[in-house]
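Asks:
Protein chains in written order, with full-length UniProt numbering: chain P, 1 to 402; chain D, 1 to 355; chain X, 1 to 85.
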């Protein structure tokens with residue numbers, strides 16, 4: 001089977017626009033979690049979130065081209081991340097494009113655009129905002145972006161809750177390996193919406209303070225927003241584009257654990273098999289892993305289950321692990337892709353990003369995450385976890401491109 | 001190229017009585033106010049009160065269809081569960097939007113939020129069948145089912161799985177009908193399903209449908225073989241023809257080898273030209289069938305064509321109610337499905353009788 | 001109290017959408033969770049909504065809820081002692 005290379009990446013999160021702003025914030029231990037300025041919700045004073053710190057209109061001019069794009073926060077965040085991902089891999093011009101697929105992921109799609117006008121949409125007598133009617137699904141944003149960037153040869157959208165973009169990256173890689181496409185732009189986007197904020201609030205798993213992944217006193221997650229995309233290419237595609245690989249996507253695994261509609265099994269059965277499967281797919285041993293960018297949402301259930309799975313898989317040889325959700329919040333469908341970008345940054349710069357607000361290990365689990373930035377160390381293989389509702393667990397493994 | 005896969009079992013819940021006997025009924029229900037709504041199966045036979053408590057309309061239908069499909073295939077634990085849906089559980093999404101407004105973002109019932117998640121049904125099927133496996137959900141309108149099938153084909157090709165449960169589910173609600181009505185998806189005047197395909201006006205009739213298939217790598221006890229698919233997003237008309245030609249060529253077939261072609265005509269005169277142009281390639285001997293006057297139009301309506309094809313090839317007969325143009329072929333061996341969803345998502349499936 | 005418990009049982013049935021179940025099928029003393037009626041963490045969140053909407057009782061921590069929802073008897077007593085409406 002052919003190798004799948006990552007040749008471009010772009011990211012937008014509460015930490016900033018682009019890889020450099022995100023990396024600087026991670027290195028400075030500066031979290032993006034705070035109180036929302038732009039989200040229209042009465043919960044914003046009560047529940048901290050990680051909001052991208054600009055309004056949509058201010059971000060629109062940052063796009064090199066704006067045509068075909070509606071002023072939708074979802075689309076603008078995604079477009080900024082894709083634009084950055086494409087700049088990374090600009091090869092010699094004048095060569096034909098490889099067959100390119102666009103695999104997007106989102107949990108609620110254009111809900112942020114729909115929820116403010118929903119009453120008028122369902123009123124047969126009101127004809128305003130008709131266009132928003134189409135945004136009430138996951139594919140609307142994907143199609144606008146596909147047209148804008150010219151990725152119309154092959155488009156898809158995945159929605160598997162919090163593991164969505166990890167599954168999008170996996171699908172892209174598998175399509176490349178089977179020769180169905182040569183190159184894939186894969187990732188995900190979600191914006192903060194009243195729908196999701198109230199949804200997680202109804203599950204009573206939002207912390208009223210900044211979240212504390214893997215801490216004994218953790219009390220839930222903070223929602224975030226953002227977008228991230230990777231450019232994946234086969235060797236054949238690289239021969240056409242002349243792009244330089246940033247890393248190799250060396251392994252991946254999706255494993256559904258069939259335990260409960262929303263909660264993971266306390267033993268982290270799904271997490272264990274997803275991580276183990278990804279490492280085996282890459283032909284590696286657990287001892288090769290330099291860093292685990294854990295799912296680490298800081299909910300009571302997730303961190304306990306993921307912690308148990310980590311101990312079961314790695315035992316006493318626990319690699320450095322942390323959760324960057326203490327910086328970006330939980331960005332739902334974007335999380336897998338944002339954390340994939342952070343994983344590759346870690347490999348390229350030889351540094352590991354810490355978890356914030358950790359004080360005490362979880363009772364019964366001898367696990368201490370990385371709490372300080374580590375720099376100047378070799379990072380060869382990074383495992384990135386994304387676990388979601390419905391028992392959907394996905395792990396991605398990125399390796400250094402020699 | 002991916003290896004062909006075999007459809008071992010196939011189930012459909014639609015507005016028509018397709019589920020109980022797993023066949024097309026002799027008599028069809030007509031659309032009411034331009035909507036063909038589900039004829040709902042008897043859930044009580046399948047679930048306890050406790051199991052039913054958090055299942056909404058589409059979840060119940062999806063579960064029942066998946067359960068029977070797996071039973072037909074004599075399979076207890078599918079090795080992959082992959083679904084496609086354009087809109088997921090619209091009822092739950094709408095309910096939660098209204099709850100947020102009604103209770104002013106106060107304390108809200110979590111169940112509609114959980115069930116609104118597009119992959120909720122996948123998780124429930126996994127739970128019900130105690131299947132820990134590969135599990136994912138595609139949500140790309142008229143490509144949702146197709147990506148689910150393509151994903152399964154890759155798994156079967158690699159031998160990562162011997163079988164996969166693949167399906168699609170869709171519902172229409174009163175509110176969503178209004179949203180789309182204003183956007184021109186439906187006909188302005190009420191129309192009978194029997195007149196739909198000759199209407200020559202814009203818009204179609206709304207429908208809903210849930211389809212499950214067991215795909216497998218081996219031909220044993222299969223209904224039909226799926227040789228391949230092609231997906232085209234917003235193509236030029238000639239590209240559809242070229243891709244169909246490529247699909248046929250790749251399988252050593254020509255247009256003349258097609259015994260049956262199922263076309264996604266939905267009575268919307270803005271998109272009829274795709275089908276008429278496509279049909280102009282076909283031999284007079286090829287039967288041309290339509291299906292959306294039976295199931296209505298929705299994101300994953302191609303599932304109905306796939307279900308029909310599996311039965312048509314296995315039983316070597318089809319209902320005259322499906323006929324657009326009668327051909328002369330007696331043996332129904334090679335079938336091509338061509339569907340498009342409002343001119344945007346074009347899908348081609350090539351199927352063949354198992355040897 | 002007996003009448004109240006019957007009302008409460010009906011409210012539980014409605015809140016959890018236990019279609020076809022009758023109030024008398026729920027025992028006063030039987031555990032509502034796990035081995036008893038078989039409720040889980042999501043039901044517990046639904047019951048918290050029930051307490052707030054019907055009785056004006058706010059429970060922030062789901063773990064506290066689980067103690068209150070031990071059985072219909074415990075729940076009824078808790079409501080009578082804390083109800084705001």
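Think of the CB as a built atom: it goes at the ideal place given N, C-alpha and C, for glycine as much as any other residue.
Starting from residue 46 of chain P, find everything on chain X with Cβ-Cβ shorter than 8 Å and list it in chain order.
Replies: Per Cβ cutoff of 8 Å: no residues; residue 46 of chain P is ~11 Å from chain X at best.
Asks: Residue 42 of chain X versus chain P: which residues are under 9 Å apart at the beta carbon?
Replies: Chain P residues near residue 42 of chain X: 203, 260, 261, 262 and 263.
Asks: Grab me the residues of residue 268 of chain P's own chain with a C-beta within less than 6 Å of its C-beta, minus the 5 sequence neighbours each way, in chain order.
Replies: Answer for residue 268 of chain P: 305, 306, 308 and 309, listed in chain order.
Asks: Measuring CB to CB, does residue 64 of chain D end up less than 8 Å from residue 13 of chain D?
Replies: In this structure, residue 13 of chain D lies closer than 8 Å to residue 64 of chain D by Cβ.
Asks: Any Cβ of chain D within less than 8 Å of the Cβ of residue 26 of chain X?
Replies: No, residue 26 of chain X lies away from the interface with chain D (no Cβ there is under 8 Å from its Cβ).
Asks: Assuming residue 62 of chain X and residue 45 of chain X are in contact, meaning their beta carbons sit under 8 Å apart, how far apart are those beta carbons, in whole angstroms?
Replies: About 6 Å separates the two Cβ atoms, so the contact holds.
Asks: Could you pull the start and end residues of the alpha helix (DSSP H) that residue 345 of chain P belongs to?
Replies: Start and end: 335-349.
Asks: Using 8 Å for Cβ pairs, my map puts residue 7 of chain D next to residue 310 of chain D. What's the rounded Cβ distance?
Replies: Yes, they are in contact, since the Cβ atoms of residue 7 of chain D and residue 310 of chain D sit about 5 Å apart, within 8 Å.
Asks: Identify whether residue 222 of chain P lies in helix, strand or coil by the three-state DSSP scheme.
Replies: Residue 222 of chain P falls in the coil class under three-state DSSP.
Asks: Can you grab the Cα-Cα spacing for the pair residue 383 of chain P / residue 315 of chain P, in whole Å?
Replies: If you take the alpha carbons of residue 383 of chain P and residue 315 of chain P, they lie about 16 Å apart.
Asks: Let's see if you can read the secondary structure: which residues bound the alpha helix (DSSP H) around residue 58 of chain P?
Replies: 56-59 is the extent of the alpha helix (DSSP H) around residue 58 of chain P.
Asks: On the three-state DSSP scale, how would you describe residue 407 of chain P?
Replies: A question about residue 407 of chain P goes unanswered here, because the residues of chain P that appear run from 1 up to 402.
Asks: Using the Cα positions of residue 94 of chain P and residue 240 of chain P, report the straight-line distance between them to the nearest angstrom.
Replies: Any answer about residue 94 of chain P is weak, because its pLDDT of 48 lies below 50 and its placement is not dependable; what the coordinates show is given next. Cα-Cα distance, rounded: 10 Å.
Asks: Out of curiosity, what's the CA-to-CA distance linking residue 321 of chain P and residue 373 of chain P?
Replies: Near 12 Å, if we compare the C-alpha coordinates of residue 373 of chain P and residue 321 of chain P.
Asks: Could you give the first and the last residue of the continuous alpha helix (DSSP H) run that contains residue 11 of chain X?
Replies: Counting along the chain, the alpha helix (DSSP H) containing residue 11 of chain X begins and ends at 2-15.
Asks: Using the C-alpha atoms, what's the distance from residue 364 of chain P back to residue 311 of chain P?
Replies: The alpha-carbon atoms of residue 311 of chain P and residue 364 of chain P are separated by roughly 11 Å.
Asks: Out of P/124, P/265, P/229 and P/380, which one is the CA nearest neighbour of residue 179 of chain D?
Replies: Closest by alpha carbon: P/124.
Asks: Checking contacts by CB at 8 Å: is residue 62 of chain X closer than that to chain P?
Replies: It does: the Cβ of residue 62 of chain X has a partner Cβ on chain P nearer than 8 Å.
Asks: Should the segment 216-227 of chain P be regarded as contacting the segment 320-336 of chain P, the criterion being three or more beta carbon pairs within less than 8 Å?
Replies: Touching, yes, given that three or more Cβ pairs across the two stretches are closer than 8 Å.
Asks: Tell me, please, whether the CB atom of residue 45 of chain X is closer than 8 Å to any CB atom in chain P?
Replies: At least one chain P Cβ lies under 8 Å of residue 45 of chain X.
Asks: Could you list the residues in the segment 319-345 of chain P with a C-beta less than 8 Å from some C-beta on chain D, going in chain order?
Replies: Within the segment 319-345 of chain P, no residue qualifies.
Asks: Give every residue of the same chain whose Cβ lies closer than 6 Å to the Cβ of residue 380 of chain P, excluding the five residues on either side of it in the sequence, and list them in chain order.
Replies: Closer than 6 Å at the Cβ level, and outside the excluded window around residue 380 of chain P, lie 290 and 400.
Asks: State the DSSP-derived secondary structure class of residue 87 of chain P, mapped to helix, strand or coil.
Replies: DSSP places residue 87 of chain P in helix when its eight states are reduced to three.
Asks: For chain D, find out if any of its Cβ atoms is closer than 8 Å to the Cβ of residue 178 of chain P; answer yes or no.
Replies: Yes, residue 178 of chain P lies at the interface with chain D (some Cβ there is under 8 Å from its Cβ).
Asks: Among P/255, P/279 and P/293, which one has its Cα closest to the Cα of residue 270 of chain P?
Replies: For residue 270 of chain P, the nearest C-alpha among the options comes from P/255.
Asks: Taking any Cβ of chain D, which residues in the segment 150-167 of chain P have a Cβ under 8 Å from it, in chain order?
Replies: Listed in sequence order: 152, 153, 154, 155, 156, 157, 158, 159, 160, 161 and 167.
Asks: Taking the CB atoms as reference points, tell me whether residue 353 of chain D and residue 333 of chain D lie closer together than 8 Å.
Replies: Result yes, Cβ atoms of residue 353 of chain D and residue 333 of chain D sit closer than 8 Å.
Asks: Would a C-beta distance cut-off of 8 Å place residue 54 of chain D and residue 111 of chain D closer than the cut-off?
Replies: Yes. Within cutoff.
Asks: Taking 8 Å as the threshold (beta carbon to beta carbon), is residue 38 of chain X in contact with chain D?
Replies: So, interface residue.
Asks: By the criterion of Cβ-Cβ separation under 7 Å, what are the contact partners of residue 109 of chain D in chain X?
Replies: Here the neighbours are 46 and 49.
Asks: Let me know the secondary structure DSSP gives residue 304 of chain D once reduced to three states.
Replies: Note: residue 304 of chain D maps to helix in three-state DSSP.
Asks: Three or more beta-carbon pairs under 8 Å between the segment 27-44 of chain D and the segment 98-105 of chain D, yes or no?
Replies: Output reads no: the segment 98-105 of chain D does not touch the segment 27-44 of chain D.
Asks: Using the Cα positions of residue 192 of chain D and residue 36 of chain D, report the straight-line distance between them to the nearest angstrom.
Replies: Rounded to the nearest angstrom, the two C-alpha atoms are 10 Å apart.
Asks: Return the CA-CA distance between residue 243 of chain P and residue 5 of chain P, expressed in angstroms with no decimal places.
Replies: Approximately 10 Å, taken between the alpha carbons.
Asks: For a minimum of 3 consecutive residues, which ranges assigned as the beta strand (DSSP E) are wholly contained in the segment 128-165 of chain D?
Replies: Fully enclosed beta strand (DSSP E) runs of 3 or longer: 134-138.
Asks: Looking only at its chain, what residues have a beta carbon closer than 7 Å to the beta carbon of residue 77 of chain D, apart from the 5 residues adjacent to it on each side?
Replies: Hits under 7 Å: 129, 130 and 131.
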